[in-house]
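Before any comments, here is the structure.
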């Protein structure tokens with residue numbers, strides 16, 4: 049005879065006692081579990097009410113499973129939010145300002161003959177002139193090389209520039225193991241920077257003078273460019289005040305009388321970019337005589353160019369003109385190399401760019417507003433009006449706009465939605481699942497221990 053909960057139980061068979069104990073475990077779990085509604089399914093009530101609770105549980109459970117699937121699907125789609133914020137600074141690094149003349153070559157240099165006393169002193173007697181002298185005859189070296197390097201679209205405007213003459217020049221170089229160089233031609237036969245900015249160059253609120261020595265020359269696919277504040281020749285300049293006049297002020301001389309061939313207009317291409325970035329001449333704006341610049345900076349293009357250039361080196365065995373990442377590799381000169389380079393460029397898109405070219409750059413757009421002084425349009429000589437360009441570059445204010453991309457649905461949002469819907473539709477939590485595991489383990493591990501009287 050045993051005493052349980054103040055009730056005396058006598059003459060109960062051992063098997064029945066064991067079965068009742070397991071039954072008590074089940075009903076006790078159903079009565080105390082935190083999973084709402086399940087107790088009403090097993091309660092001794094009318095069958096319709098029990099069926100109704102079964103339908104409610106299955107509906108809630110099914111919809112909850114659907115919300116879990118939807119939450120995981122949303123999570124793996126990786127949605128993002130773009131967060132914009134503006135930050136004020138006491139001091140800002142001034143960007144690099146690159147100026148490219150729209151005139152590829154100086155007319156005075158192109159038509160200078162080899163016997164001119166200024167030919168050697170001006171540095172025009174490059175190695176390509178010597179190896180092509182037998183083909184050129186009395187023709188100026190600059191004009192002959194211009195014929196060789198010029199795009200096919202403008203060959204017709206160059207005197208006596210035929211396909212056969214171009215081929216003869218190229219063959220003459222090959223016979224003497226001399227590889228043509230666009231870069232060398234650009235460097236020696238383009239306009240001098242000292243002449244382009246000889247009128248005025250000032251920087252900062254102190255109006256400190258600057259000169260052509262503060263501009264670093266760079267060869268691009270469209271000719272010579274000159275970069276102010278490149279950071280390679282000196283420390284990066286900074287500004288501590290906002291305003292267009294606080295930055296760079298320079299008067300450029302177009303020198304229209306010395307034009308040979310340009311990009312459909314006279315003036316300059318102006319680009320604003322970060323120090324150390326590739327100069328993308330497809331960006332920026334054209335500034336003509338009497339105009340003032342409004343410039344925007346886009347950094348993504350530089351990343352794509354680095355990837356494009358490296359892919360060209362690997363695929364074609366040559367490098368794009370102006371690319372310094374593999375200076376030991378020869379430029380893409382021959383028609384086959386140019387065709388390979390073009391195919392490489394056409395096959396490249398932003399989605400195919402290796403991540404290493406993107407993670408080190410921010411897709412940031414910076415604007416540098418400027419104003420045109422009214423005095424610039426006052427009376428002046430015709431030559432000045434037709435040749436001078438006023439360029440002022442500066443920050444509107446010492447602040448910048450930060451653009452950040454943040455996950456719109458991260459792991460916290462995922463588990464928050466799963467847990468919230470679990471409580472809403474089933475009235476339970478993660479601990480409820482632990483309750484089921486605990487009951488299952490206890491129920492399976494439970495064994496009937498039969499004690500026989502001595």
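In the numbering used here, the protein residues as written are 49 to 502.
Note that CB positions come from ideal geometry on N, CA and C, so glycine has one too.
Same chain only: Cβ atoms within 7 Å of residue 182, ignoring 5 sequence neighbours per side
Locating residue 182 in the chain shown gives position 134, where the first residue counts as 1. Excluding sequence neighbours, residue 182 sits near 220.
Excluding the five sequence neighbours on either side, which residues of its own chain have a C-beta within less than 7 Å of the C-beta of residue 483, listed in chain order?
For the purposes of this step, residue 483 is taken as the residue at position 435 of the chain shown. For residue 483, where only same-chain residues beyond five positions count, the Cβ hits under 7 Å are 81, 82.
Are the beta-carbon atoms of residue 315 and residue 337 separated by less than 8 Å?
Taking the first residue of the chain shown as 1, we reach residue 315 at position 267. Taking the first residue of the chain shown as 1, we reach residue 337 at position 289. Their beta carbons are under 8 Å apart, which means residue 315 touches residue 337 by this criterion.
Which one of 233, 280, 258 has the shortest CA to CA distance from residue 268?
Position 220 of the chain shown holds residue 268. It is 233.
Report the three-state DSSP secondary structure of residue 347 (helix, strand or coil).
The residue given as residue 347 occupies position 299 in the chain shown. Any reading at residue 347 must be qualified, since the residue scores a pLDDT of 37, below 50, and its modelled position is unreliable; no value is offered.
Three-state secondary structure (DSSP) of residue 227
On the chain shown, position 179 is the one that residue 227 refers to. The answer is coil: DSSP assigns residue 227 none of H, G, I, E or B.
Out of curiosity, what's the CA-to-CA distance linking residue 79 and residue 94?
Against the chain shown, residue 79 aligns to sequence position 31. Against the chain shown, residue 94 aligns to sequence position 46. Cα to Cα, the separation comes out at about 18 Å.
Under the DSSP definition of a beta bridge, which residues are partnered with residue 148?
Stepping through the chain shown from its first residue, residue 148 is reached at position 100. DSSP lists 273, 317 as partners of residue 148.
Can you list, in chain order, the stretches of the beta strand (DSSP E) that have 3 or more residues and sit fully within the region 244 to 300?
248 to 251, 263 to 268, 271 to 276
Option nearest residue 146 by Cα separation, candidates 300, 369, 129
If you number the chain shown from 1, residue 146 lands on position 98. The option with the nearest alpha carbon to residue 146 is 300.
Is the distance from the Cβ of residue 318 to the Cβ of residue 245 below 8 Å?
Position 270 of the chain shown, counted from the first residue, corresponds to residue 318. Position 197 of the chain shown, counted from the first residue, corresponds to residue 245. Judged by their CB atoms, residue 318 and residue 245 are not nearer to each other than the 8 Å cut-off.
When 228, 444, 489, 493 are compared against residue 137, the one with the closest alpha-carbon:
As a first step, residue 137 is located in the chain shown; it is residue number 89 there, counting from the start. When only C-alpha atoms are compared, the closest one is 444.
State the CB to CB distance for the pair residue 260 and residue 242, rounded to an integer number of angstroms; the pair is presumed to be in contact (CB under 8 Å).
To locate residue 260, count along the chain shown from 1; it is residue 212. To locate residue 242, count along the chain shown from 1; it is residue 194. Rounded, the Cβ-Cβ distance is 4 Å, consistent with contact.
Taking C-beta to C-beta, are residue 227 and residue 378 nearer than 8 Å?
Reading the chain shown from its first residue, position 179 is the one you call residue 227. Reading the chain shown from its first residue, position 330 is the one you call residue 378. Taking 8 Å as the Cβ cut-off, residue 227 and residue 378 qualify as a contacting pair.
Which listed residue (134, 117, 302) has its alpha carbon closest to that of residue 150
Residue numbering aside, residue 150 sits at position 102 when the chain shown is read from its first letter. Looking at the Cα atoms, 302 is the closest of the given residues.
Tell me which same chain residues have a C-beta within less than 8 Å of the C-beta of residue 492, skipping the five on either side of it?
Counting from 1 along the chain shown, the entry for residue 492 is found at position 444. Nothing listed; no residue qualifies.
Excluding the five sequence neighbours on either side, which residues of its own chain have a C-beta within less than 7 Å of the C-beta of residue 217, listed in chain order?
By one-based count along the chain shown, residue 217 stands at place 169. Excluding sequence positions up to five before and after residue 217, its CB lies within less than 7 Å of the CB of 180, 183, 192, 196, all in the same chain and listed in chain order.
Is the region 463 to 482 touching the region 116 to 127, taking contact as three or more C-beta pairs under 8 Å?
With a cut-off of 8 Å on Cβ pairs, the region 463 to 482 is in contact with the region 116 to 127, counting three or more such pairs.
Pair within 8 Å by beta-carbon distance, residue 294 and residue 287
Here residue 294 refers to the residue found at position 246 of the chain shown. Here residue 287 refers to the residue found at position 239 of the chain shown. Contact: yes.
Drop a sphere of 10 angstroms on the beta-carbon of residue 262, count the other beta-carbons inside from all chains shown, and report buried for 16 or more, exposed for fewer.
Taking the first residue of the chain shown as 1, we reach residue 262 at position 214. Buried, by the Cβ-count rule.
Residues in the same chain with beta-carbon distance under 7 Å from residue 488, minus the five sequence neighbours each way, listed in chain order, please.
Numbered from 1 along the chain shown, position 440 holds the residue referred to as residue 488. Answer for residue 488: no residue qualifies.
Selected residue, minimal CA-CA separation from residue 265, among 148, 389, 435:
If you number the chain shown from 1, residue 265 lands on position 217. Among 148, 389, 435, the Cα nearest to that of residue 265 is on 148.
Residue 489 (DSSP reduced to helix, strand or coil):
Counting from 1 along the chain shown, the entry for residue 489 is found at position 441. If DSSP states are grouped into helix, strand and coil, residue 489 belongs with the helices.
In or out: residue 271 buried (at least 16 other Cβ within 10 Å) or exposed?
Numbered from its first residue, the chain shown carries residue 271 at position 223. With 16 or more other Cβ atoms within 10 Å, it is buried.
Quickly, what does DSSP pair residue 141 with across the bridge? List them, please.
In the chain shown, the residue the question calls residue 141 occupies position 93. For residue 141, the pairing in a beta bridge is given by DSSP as 286.
Might you give, ordered along the chain, the residues of its own chain that have their beta carbon closer than 7 Å to the beta carbon of residue 89, omitting 5 neighbours on each side?
As a position in the chain shown, residue 89 is number 41, starting the count at 1. Around residue 89: 98, 101, 102, 105.
Secondary structure at residue 359, three-state DSSP: helix, strand or coil?
Walking along the chain shown from the start, residue 359 turns up at place 311. Helix at residue 359.
Residue 386 to residue 458 span [Cα, whole Å]
Numbered from its first residue, the chain shown carries residue 386 at position 338. Numbered from its first residue, the chain shown carries residue 458 at position 410. C-alpha separation (whole angstroms): 46 Å.
In this structure, does DSSP put residue 392 in helix, strand or coil?
One-based indexing of the chain shown puts residue 392 at position 344. In the structure shown, residue 392 sits in a helix (DSSP, three-state: H, G or I).
Applying the criterion that 16 or more other CB atoms from any shown protein chain within 10 Å of the CB defines a buried residue, is residue 255 buried or exposed?
Within the chain shown, residue 255 is the residue found at index 207, counting from 1. By the neighbour-count rule (16 or more Cβ atoms within 10 Å), residue 255 is not buried but exposed.
When burial is assigned at 16 or more other CB atoms within 10 Å of the CB, is residue 158 buried or exposed?
Against the chain shown, residue 158 aligns to sequence position 110. Looking at its Cβ environment, which holds 16 or more other Cβ atoms inside 10 Å, residue 158 is buried.
Other residues of its chain near residue 207: CB distance less than 8 Å, five sequence neighbours each side excluded:
The sequence position of residue 207 within the chain shown is 159, counting from 1. Around residue 207: 191.
Strictly by DSSP, which residues pair up with residue 437?
Start at 1 with the first residue of the chain shown, and residue 437 comes out as number 389. DSSP lists 300 as partners of residue 437.
Should residue 384 go down as buried or exposed, given a rule of 16 or more other Cβ atoms within 10 Å for buried?
Taking the first residue of the chain shown as position 1, residue 384 is located at position 336. Classification for residue 384: exposed.
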